[in-house]
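K.L.:
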Amino acid sequence: QDAVDETWATAEWREVALRFAPGSARWPVVGHRGLLARAITNLVGNALKFTPAGGVVRVEGGADGDHWEIRVIDGGPGIDTALRTRLFGRFERGAAPAPADAGGSGLGLAFVRVVATRHRGSVGVRDAGSDAEQGGGPGTGSEFFLRLPRHDEPPG
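Residue numbers (this note's numbering): 1229 to 1384.
(1) Helix or strand or just coil, what does DSSP make of E1371?
(2) Considering only residues of the same chain and omitting the five flanking positions on each side of H1295, which have a CB-CB separation below 8 Å?
(3) Could you check what DSSP says for I1301 in three-state terms: helix, strand or coil?
(4) Put A1323 into one of helix, strand or coil per three-state DSSP.
(5) Quick one: what's G1290 bridged to in DSSP?
(6) For the alpha helix (DSSP H) containing D1230, name the first residue and the last one.
(7) So T1250 and G1289 are supposed to be a Cβ contact under 8 Å. How far apart are they, rounded?
(8) For the putative contact between G1303 and G1259, defined by C-beta atoms under 8 Å, what is the C-beta separation to the nearest angstrom?
(9) Beta-carbon separation of V1300 and V1343 under 8 Å?
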């Protein structure tokens, strides 16, 4: 929620709809709230940079086995499969041309990877696929995910 709140003004300015569907009401994880919020904010900010005006960025979440998964789905051009393995390295940027006002140093996704690793989690990217809301068709949009170990409290 913090990441969505922090990026809503950028979404409005870029004329991109920002939708949030958190899934489960409680997400118990052991970690640093500020670092995790910054990592998710970086993912949402990137999605907003590459989604054209009139598009949609969705932030979703839910349980995936013994992990929580936060998904940020954009309406951008997608990411070439060959670039995906390097994308989370320092100073790496996507091959697709970014909007002139996108800015960035190529460190945001590297930061997300470090935060994920330090929290015993992982980060990755896959095609958003043919989601009708994103415009449909293969290669339309990307889905970045941050997986964190669940820390469920025992019942009682």
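We put the CB at the ideal spot given by N, CA and C, even for glycine.
P.N.:
If we stick to the structure as given:
(1) Stepping through the sequence shown from its first residue, residue 1371 is reached at position 143. DSSP places E1371 in strand when its eight states are reduced to three.
(2) Position 67 of the sequence shown holds residue 1295. Cβ within range, chain order: G1349, R1375, L1376, P1377 and R1378.
(3) In the sequence shown, counting from the first residue as 1, residue 1301 sits at position 73. Residue state, collapsed to three classes: strand.
(4) Within the sequence shown, the letter at position 95 stands for residue 1323. Confidence in A1323 is poor, its pLDDT being 48 and thus under 50, which makes the residue's placement unreliable; the coordinate value appears in the next sentence. Of the three classes helix, strand and coil, the one that applies to A1323 here is coil, per DSSP.
(5) Walking along the sequence shown from the start, residue 1290 turns up at place 62. E1297.
(6) The residue given as residue 1230 occupies position 2 in the sequence shown. Start and end: D1230 to R1242.
(7) Stepping through the sequence shown from its first residue, residue 1250 is reached at position 22. Stepping through the sequence shown from its first residue, residue 1289 is reached at position 61. According to the sequence displayed, residue 1250 carries Pro and not Thr. With a Cβ gap of about 5 Å, P1250 and G1289 count as contacting.
(8) Numbered from 1 along the sequence shown, position 75 holds the residue referred to as residue 1303. Numbered from 1 along the sequence shown, position 31 holds the residue referred to as residue 1259. No, G1303 and G1259 are not in contact; Cβ-Cβ is about 29 Å, not under 8 Å.
(9) Taking the sequence shown and counting its residues from 1, one reaches residue 1300 at position 72. Taking the sequence shown and counting its residues from 1, one reaches residue 1343 at position 115. Their beta carbons are not under 8 Å apart, which means V1300 does not touch V1343 by this criterion.
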